[in-house]
Amino acid sequence: MVAYKGINDCFRRVLQEEGVGAFYRGLTPRLLSVVPMIGIQFGVYESMKKFMLARDVQASIEPSRGWGSSKTTIKMRAEEAANEKARRDRRLQEMAMEVAADDDQPFPAPYPEKKGWWAEKKDKK
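Okay, structure coming up:
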C-alpha cells in the first residue's frame, strides 16, 4: 500500500479504486440518526413557540384584579395585546433577517419595510 501524496492524490485514487460510492459510504447511518432528531427538534420548537405566544396574548387579554371586566376594558386590553404581538412579530422578523446571511450573500437582505439607512437614496451629481 502506497501512501497518498496529498489530498488530490487521495481523492483521485479513491475515485479510481473504489468509485463514487466510496465518498457516500457513511451517509445512510448518519442520516438515519440525524433526520429524526432534527424533525423532533423542529416540531417541539414550533409547538412551544405557538404555545408561548398564545399564552402571552391570552394573559394580556384576561382581566386582572383592579381592572374590572367591562366590555370596553376587555376590548382595550385585546387591542393592546394585538399591538404587542405585532411589535413582537416585527422584532422576530428583524432578528431573522439578521441571521439570514449565507456563503453567497454574506450580509442579510435589509428589512422589507425599507425604514432605515438602506432606504435612503442618494443622488449622485
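In the numbering used here, the protein residues as written are 44 to 168. Idealized CB from N, CA, C, for every residue including glycine. Please read all numbers here as calculations on a predicted model, not as lab measurements.
Open item on the list: Distance check for Q136 and G86, CA to CA, integer angstroms please.
Closed with: 20 Å
Task: A27 in three-state terms, based on DSSP - done: Residue 27 is absent from the model: the chain starts at 44 and stops at 168.
Open item on the list: Just to confirm my understanding: we take K168, look at its own chain, exclude 5 residues before and 5 after, and list those with CB closer than 8 Å. What are they?
Closed with: Residue confidence is low: K168 scores 47 on pLDDT, short of 50, so the model does not pin down where it sits. Its coordinate-derived value is still stated next. Once the five neighbours on either side are set aside, K168 has no close Cβ partner at all.
- [ ] State yes or no: is the C-beta of A65 within less than 8 Å of the C-beta of V77?
- [x] no
TODO: Check G62 in the structure and name its three-state DSSP category.
DONE: DSSP, reduced to helix, strand and coil, places G62 outside both helices and strands of the structure shown, so it counts as coil.
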